[in-house]
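FYI, in mature numbering (1 follows the signal peptide of the UniProt record, and there is no 0) the residues of the sequence shown are -19 to -1, 1 to 209. Just so it is clear, CB atoms sit at the ideal spot from N, CA and C, and this is done for glycine as well. It should be emphasised that the depicted structure is a prediction, and the values quoted were computed from it without experimental measurement.
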Amino acid sequence: MKRILVLAFVLAFVLVACASRPDYPVEEPLPQVATRNYGKPPATASLWNQDPQSLFGNRRAREVGDILTVIVSVDDEAEMQNSMDATRTNEEDFSVNALFGLPEWANGVLPLGARVDPAVALSRSKAAQGSGSIARQEKVTLELAAVVVDQLPNGHLVIEGTQRIRVNAETRDLKVSGVVRPEDITRDNTISHEKIASADIVYSGHGQVAGTTKPKVGSRLLDILVPF
């Protein structure tokens, strides 16, 4: 009995230790954005110089290394419903009325008034009903600065940006990447996520608040041992 109590105490201690999380989790540094250096184009003496620092310069991101702001505004709502109702009934009878007088003889010798006519009677019915519904609503609104990391031969720009926000022990990581057209960039050097081709937008987080929504190790172990 004492050995069982000791084993139970050790198991409980291990589960509590595995389930606990540090207040300040070890975080990996954000990935560095690699850009291609094509050099700065030579300056011209024209009054309408397109240098972004000039009076009439184009301040939209258009070269490798330029920065623009990506506006992500997602408000999606989806609802799906499905139902099923199936019924099946089957009846089968098999009888032998005459076979060299054997049915009459068997009816006379069988006890309790049993008879061989019909010899086999089968009846089967099956019914299945089911219904399901899915309702989902997502809303994300954020702004993120991205860097032009490459320029395709057709003039399209490849952008990539990361951002990390930490409040106390809660961390939020933002990431966006994709291909944009220079003409889709607005005059204030912003672009909507809807105009980013091959967009990869990641919004994730970890910390104490996110940890409370995940089942502990003991609960996950119990689900594995008793899956039903």
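| Query | Result |
| --- | --- |
| Closest residue to G111 among G136, E58, E60, D66 (Cα-Cα distance) | D66 |
| Straight-line Cα distance separating I115 from I140 | 35 Å |
| Residue range of the unbroken beta strand (DSSP E) whose run includes H187 | 178 to 188 |
| Buried or exposed by the 16-neighbour rule on C-beta atoms within 10 Å, applied to V128 | buried |
| Whole-number beta carbon distance between V157 and V51, since they are thought to touch under 8 Å | 5 Å |
| Same chain, Cβ closer than 7 Å to R105, five either side skipped, listed in chain order | N71 |
| Residue span of the beta strand (DSSP E) that contains V157, given as start and end | 151 to 161 |
| Of the residues V183, G188, R168, V161, the one placed nearest K176, counting alpha carbons only | V161 |
| Selection from A42, A109, E58 that minimises the alpha carbon distance to S64 | A109 |
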